[in-house]
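To start, the structure itself, in structure tokens.
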Amino acid sequence: MTCHIGNPAGAGPDASGYTHLVTGAKTRRAGAFKTTDQISALLRLSAGDFRSGKFKMLLYRFIADTIPAVNACLWTWVRLAAAPGRYEVASNAETTSAAKAEERLEHLADSMFANVSGSPVGLNSFLPAVLNSLFRDGLFGGFLTVHGDASGVDRFVPIDSKNVYIDTSSRHRRLYLENETARIDLQRPDFYFIPLNGDLHQPLGRSVLQAIPFVAYIEQQLADDMRRASHNAGFHRLHVKLTPPERMSGESDSAYVDRINEYFDATVTMIRSCEVDDNPVTWDNVAIEHIGPDNVRGVTNSWFFNHRAMVEEICAGTNLAPFLLGYSYGATNTWSGFKFDIVMRQVRSIQAEIARFLEWIGNIDLALAGLKTTCRFVFDNSFAYQAADQMKVESGRVDNILKLYQAGLLDEKTARQKAEVLL
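Sequential numbering from 43 applies to the sequence shown in the working numbering.
Pasting the structure below:
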């Protein structure tokens with residue numbers, strides 16, 4: 043495919059390729075980027091012809107919106123990966139350039155993304171949107187826009203993932219964005235595309251929900267069967283049996299029927315008026331039974347274990363451990379910590395791709411501003427990732443400094459300097 047996956051389309055292998063924007067070719071090269079209004083005009087899309095892959099994305103979105111376990115899995119992945127982060131200027135930058143670059147990058151982080159009303163909401167809302175599309179649809183892409191005078195980056199405009207497809211009719215596969223009347227070639231320097239676990243067979247990426255539609259259907263069918271069974275059986279219904287009284291001597295047929303019906307109506311009225319803590323009082327010709335399974339606990343437990351197995355299958359299909367969603371079945375702390383460590387390692391691998399994408403935006407903004415420096419984006423996972431263990435390590439370091447000072451191996455000035463580093 044001629045479109046670079048995980049790189050700005052058309053960019054060369056040199057990570058500093060955008061620094062040529064600073065040279066005399068700045069105006070000519072910046073012309074490859076569009077303003078926000080120009081890109082918005084291109085994105086008025088409504089695909090009428092579903093190509094390969096679109097049905098799957100629509101199914102994944104429906105599943106994520108309607109099945110609680112799947113929604114919880116997707117929500118957990120997105121929130122774990124969308125950790126707080128910040129831009130950092132390259133360490134080799136000059137002091138003056140570094141200060142200007144930090145100011146621009148801070149402004150960029152607050153304005154690079156806008157909500158549906160056009161208000162800038164920054165990285166706090168941008169990262170969840172990126173990761174939600176990446177995990178749910180298997181890919182994320184969009185256009186980077188610049189200001190009208192090419193003085194810097196305006197914002198990043200995401201696209202709807204289901205409208206992206208690959209044209210394989212030519213020798214080189216190319217990415218396109220489908221329009222009602224035309225298609226937009228995505229082999230362009232202002233477009234960025236991230237597939238999740240993309241390969242030769244699935245270049246558009248793999249959704250994290252790809253393995254669960256069949257299991258999710260079984261889980262929903264099981265829940266619906268339980269609902270219908272509970273509704274029909276009532277757990278439990280009372281069954282009242284009345285034995286008709288004996289016919290009196292000389293009693294006519296109509297009088298006998300009226301007396302039976304009156305007795306029946308009185309019994310029905312009495313049963314209906316019974317509260318939860320009331321007890322019915324009847325003659326010995328009335329029998330009260332219940333309709334339902336004999337072993338209620340056994341039936342309930344059987345349904346619970348079957349449903350739990352389906353939920354665990356859904357969690358496993360999305361590469362999550364059940365206890366991360368609150369389904370804890372007595373797992374030890376050591377085992378839970380081990381599983382969480384595995385999940386966070388996966389999160390960090392995803393964050394590496396997102397960091398590269400954000401660095402691409404930041405470096406272009408710095409180049410358009412004429413600053414000869416680069417940046418990097420760093421995620422802070424300390425809050426969620428082994429926060430308790432990190433506090434123990436820091437406490438141990440403080441104790442070591444105090445012990446070294448008390449033993450006379452460190453003077454007060456050196457001990458203070460080491461303590462300030464930890465704060």
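Just so you know, even glycine gets a beta-carbon here, dropped at the ideal spot from N, CA and C. Note that the coordinates shown come from a computational prediction; the quantities given were computed from them, not determined experimentally.
### Task
For T477, count neighbouring C-beta atoms within 10 Å of its own C-beta (all shown protein chains included) and say buried if the count is 16 or more, exposed if not.
The structure shown does not extend to residue 477, since the chain is modelled only from 43 to 465, so the question has no answer here.
### Query
Which residues bound the beta strand (DSSP E) around E293?
Careful: E293 lies outside any beta strand (DSSP E) and carries neither H nor E.
### Query
Counting pairs of Cβ atoms below 8 Å between the stretch 171 to 180 and the stretch 244 to 260, do you hit three or more?
Yes, the stretch 171 to 180 is in contact with the stretch 244 to 260.
### Query
If you compare alpha carbons, which of S424, K414 and K460 is closest to D441?
Distance from the Cα of D441 is smallest, within the candidate group S424, K414 and K460, for K460.
### Query
Is the CB-CB distance between G404 and F419 below 8 Å?
Taking C-beta atoms as the reference points, G404 and F419 count as a pair closer than 8 Å.
### Pair within 8 Å by beta-carbon distance, H281 and H349
In this structure, H281 lies away from H349, with their beta-carbon atoms at least 8 Å apart.
### Query
Taking Cβ to Cβ, would you say L122 is nearer than 8 Å to V353?
At least 8 Å separates the beta-carbon of L122 from that of V353.
### Query
Would you call M154 buried or exposed, if buried means 16 or more other Cβ atoms sit within 10 Å of its Cβ?
Classification of M154: buried, given that the 10 Å Cβ count is 16 or more.
### Task
Would you decide whether S203 is buried or exposed? Buried here means 16 or more other CB atoms lie within 10 Å of its CB.
The residue in question, S203, is buried, as its Cβ has 16 or more Cβ neighbours within 10 Å.
### G184 and L238 closer than 8 Å at C-beta
Contact: no.
### Message
Can you tell me whether F472 is buried or exposed? The criterion is at least 16 other CB atoms within 10 Å of its CB, across all chains shown.
### Response
There is no way to answer for residue 472, as the model of the chain reaches only from 43 to 465.
### Message
So, under 8 Å CB-CB, F75 and V188 are touching, yes? Tell me the CB distance rounded to an integer number of Å.
### Response
The pair is a contact, with the Cβ atoms about 4 Å apart (cut-off 8 Å).
### Query
Do you know offhand how far L87's Cα is from L116's?
Low confidence applies to L87: its pLDDT is 38, below 50, so where it sits in the model is not reliable enough to give any reading.
#### Entry: Residue burial classification, Y259 (beta-carbon count within 10 angstroms, cutoff 16)
Exposed, because fewer than 16 other Cβ atoms sit within 10 Å of the Cβ of Y259.
### Message
So the candidates are T324, V131 and E304; which of them puts its Cα closest to the Cα of I313?
### Response
Distances from the CA of I313 to each of T324, V131 and E304 were compared; the closest alpha carbon is that of T324.
### Query
How many whole angstroms separate the CB atoms of I356 and V112, which I take to be in contact at a CB cut-off of 8 Å?
A Cβ-Cβ distance of about 6 Å is found for the pair I356 and V112, placing them in contact under the 8 Å criterion.
### Task
Report the residue ranges of all beta strand (DSSP E) runs contained in full by the stretch 94 to 177; include only those spanning at least 3 residues, in chain order.
List check, beta strand (DSSP E) in window: 127 to 131.
### Query
With a Cβ-Cβ cutoff of 8 Å, do P322 and Y305 count as a contact?
No, these two residues do not count as a Cβ contact at 8 Å.
### Message
Measuring alpha carbon to alpha carbon, tell me which residue in P110, L444, P364 and Y102 is nearest A265.
### Response
Among P110, L444, P364 and Y102, the Cα nearest to that of A265 belongs to P110.
### Query
Does the stretch 158 to 174 come close enough to the stretch 206 to 216 to have 3 or more Cβ pairs within less than 8 Å?
These segments do not touch.
### Message
Taking the straight line between their C-alpha atoms, what separation do you get for L413 and M99?
### Response
Their Cα atoms are separated by approximately 41 Å.
### Message
If contacts are defined as beta-carbon pairs under 8 Å, then E148 and V131 qualify, I think. What distance do you get, rounded to the angstrom?
### Response
The distance from the Cβ of E148 to that of V131 is about 11 Å, inconsistent with a contact at the 8 Å cut-off.
### Task
Determine, using beta carbons only, whether I406 and L186 come nearer to each other than 8 Å.
Closer than 8 Å, so yes.
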